[in-house]
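One structure is given below, encoded as C-alpha cells.
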Ligand code: NAP
C-alpha cells in the first residue's frame with residue numbers, strides 16, 4: 215500500500231482564502247478589522263522567524279498586524295503592563311505572546327493575564343476548561359489544524375479508535391480533547407506508557423506530537439490508518455546535511471498507512487492559518503456576531 219498524502223499546504227491555501235473572504239466581509243459589513251498583537255521578548259532566532267511569518271500571514275488575509283518587540287532584559291511587570299494595555303485596547307482583537315520567554319519572566323503568569331476572549335493561542339486555563347467541558351472555546355491552533363486535516367480523510371470521527379501520543383498543553387492534551395469531542399474513542403500515550411507499539415497498532419487515527427525524530431516505526435502502524443505527524447525535528451545526515459523530519463518514520467509509514475501528513479508540508483502550514491481562524495473567531499465573538507463560516 216502507498217498512503218495518500220494529506221497535503222497540508224493545499225488545504226491551508228484553501229482555508230487561507232476562506233479566512234481572507236470572511237475577514238473582508240467582516241470589515242465591509244460591520245467595519246471590524248481584526249487586529250492581532252504579537253509580542254516577542256528577546257532575540258531567539260526561531261521565535262523571530264515564527265513571528266515574522268505570523269505577521270506576513272496576518273497582512274495577507276486583510277487583518278491588522280500589531281507587532282511588539284521588547285528587549286531580552288524586559289521585566290515581568292513591564293510585560294504584564296503591556297498585556298493589560300492590549301487587553302483594554304478595542305483595536306486589538308487577538309493577543310499572542312511568543313514562547314519561550316526569558317528566564318526572569320514566568321510564562322504562566324503572562325499567559326494567564328491575557329483576556330481569555332483575546333487568547334488566540336488558546337493557552338489560558340479558562341479556554342482549556344471550556345474545551346474540556348464542551349463549551350465554545352478558543353482552541354490552540356495546532357489541534358485545530360490536526361482536526362481539519364483528519365476531517366479531510368474522515369468527515370466523521372464517531373467511534374474511530376484514536377491514539378494521541380504526547381500530552382503537552384500545547385498539542386497532545388487539547389488535541390485528545392478535540393478528538394473526544396468529535397466522538398472518537400481516545401487513548402493518550404506518554405513516556406510512562408507500556409507497549410506503545412501495541413497501542414499504535416490499534417489506532418485507526420494515530421496522532422503523534424513527541425519531538426522525537428522518526429520514533430514511530432512503520433510496523434507499529436495499523437494498515438490503512440490515518441497518521442497525523444505533528445513533530446518538527448532537525449536531523450543531520452552522515453554527509454552533514456541538515457533536514458526536518460517528523461516523529462514518524464515517514465518512508466516506512468508510507469507503505470502501511472492509509473493517509474499521512476508529510477513533514478514538512480503537513481501540520482505546519484495549517485497551524486498558522488488556524489491561528490488566523492482563531493483571530494477571526496475572537497473578533498466575531500467580541501462584536502457579538504455568530505462564528506465565521508471557516
Ligand atoms: P513537549 O511539550 O516536549 O511534549 C512532548 C510530549 O511527548 C510529552 O507529553 C511527553 O511525555 C511525550 N513523549 C516524549 N517522548 C515520548 C516517547 N518516547 N514515548 C511516548 N511519549 C513521549 O512537545 P510539544 O510542544 O507537544 O511538541 C511536540 C512536537 O511537535 C515537537 O517536535 C514540536 O516541535 C512539534 N510541534 C509542531 C507544531 C506544528 O505546527 N507542526 C506545533 C507545536 C509543536 P511526558 O508528558 O510523559 O513527558
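Residue numbers (our numbering): 215 to 508.
Cβ atoms here follow ideal geometry from the backbone N, Cα and C, with glycine treated the same way.
None of the values given here were measured: they were computed from a predicted structure.
**Report entry** Delimiting residues of the alpha helix (DSSP H) encompassing residue 272
**Finding:** As a position in the chain shown, residue 272 is number 58, starting the count at 1. First-last of the alpha helix (DSSP H) with residue 272: 259 to 274.
Query raised in the report: Is there at least one non-hydrogen atom of the ligand NAP closer than 7 Å to the beta-carbon of residue 370?
Result: As a working note, residue 370 is residue 156 in the chain shown. The answer is no for residue 370.
Query raised in the report: Near residue 368, what residues of its chain come up, given a Cβ to Cβ distance below 8 Å and the 5 sequence neighbours on each side ignored?
Result: For the purposes of this step, residue 368 is taken as residue 154 along the chain shown, with counting starting at 1. 374, 419 and 440.
Query raised in the report: residue 287 by DSSP, collapsed to three states: which one?
Result: Here residue 287 refers to the residue found at position 73 of the chain shown. Coil at residue 287, not helix or strand.
Query raised in the report: Helix, strand or coil: how does DSSP classify residue 334 here?
Result: Within the chain shown, the letter at position 120 stands for residue 334. Residue 334 falls in the coil class under three-state DSSP.
Query raised in the report: Would you call the CB atoms of residue 392 and residue 357 closer than 8 Å?
Result: Numbered from 1 along the chain shown, position 178 holds the residue referred to as residue 392. Numbered from 1 along the chain shown, position 143 holds the residue referred to as residue 357. Yes, these two residues count as a Cβ contact at 8 Å.
Query raised in the report: If residue 487 sits next to residue 310, beta carbons under 8 Å apart, how far is it from one beta carbon to the other, in whole angstroms?
Result: As a first step, residue 487 is located in the chain shown; it is residue number 273 there, counting from the start. As a first step, residue 310 is located in the chain shown; it is residue number 96 there, counting from the start. Actually they do not touch by this definition, with Cβ atoms about 14 Å apart.
Requested in this report: Output yes or no for whether 8 Å exceeds the beta carbon distance between residue 493 and residue 297.
Outcome: Reading the chain shown from its first residue, position 279 is the one you call residue 493. Reading the chain shown from its first residue, position 83 is the one you call residue 297. For residue 493 and residue 297, no; Cβs fall outside 8 Å.
Requested in this report: Using 7 Å as the cut-off, classify the Cβ of residue 384 as near or not near the heavy atoms of the ligand NAP, replying yes or no.
Outcome: Sequence index remark: in the chain shown, residue 384 carries index 170 (1-based). Checking the Cβ of residue 384 against the ligand NAP gives yes.
**Report entry** residue 482 vs residue 446 beta-carbon contact at 8 Å
**Finding:** Start at 1 with the first residue of the chain shown, and residue 482 comes out as number 268. Start at 1 with the first residue of the chain shown, and residue 446 comes out as number 232. Cβ atoms of residue 482 and residue 446: closer than 8 Å.
Query raised in the report: How far does the beta strand (DSSP E) with residue 403 in it reach, from first residue to last?
Result: For the purposes of this step, residue 403 is taken as the residue at position 189 of the chain shown. Here the beta strand (DSSP E) through residue 403 covers 399 to 403.
Query raised in the report: Counting pairs of Cβ atoms below 8 Å between the region 222 to 236 and the region 278 to 297, do you hit three or more?
Result: no
Query raised in the report: Of the residues 415, 470 and 398, which one's Cα is nearest the Cα of residue 365?
Result: Numbered from 1 along the chain shown, position 151 holds the residue referred to as residue 365. The candidate whose alpha carbon is nearest that of residue 365 is 398.
Query - Given 8 Å, three or more beta-carbon pairs between the region 454 to 468 and the region 398 to 418 - result: no
Query raised in the report: Can you tell me where the beta strand (DSSP E) with residue 235 in it begins and where it stops?
Result: Along the chain shown, one-based indexing puts residue 235 at 21. Counting along the chain, residue 235 falls outside any beta strand (DSSP E), though it belongs to the alpha helix (DSSP H) covering 222 to 244.
Query raised in the report: Can you list, in chain order, the residues of its chain whose CB lies under 6 Å from that of residue 329, leaving out five sequence neighbours each side?
Result: Numbered from 1 along the chain shown, position 115 holds the residue referred to as residue 329. Same-chain partners within the cutoff: 301.
Report task. Using 10 angstroms around the beta-carbon of residue 312, count the other beta-carbons present and answer buried if the total reaches 16, otherwise exposed. Result -> For this step, residue 312 is matched to residue 98 along the chain shown. Burial call: buried.
Report task. Go through its chain and collect everything with a Cβ distance to residue 337's Cβ below 6 Å, but skip five positions before and after it. Result -> The residue given as residue 337 occupies position 123 in the chain shown. Cβ within range, chain order: 325.
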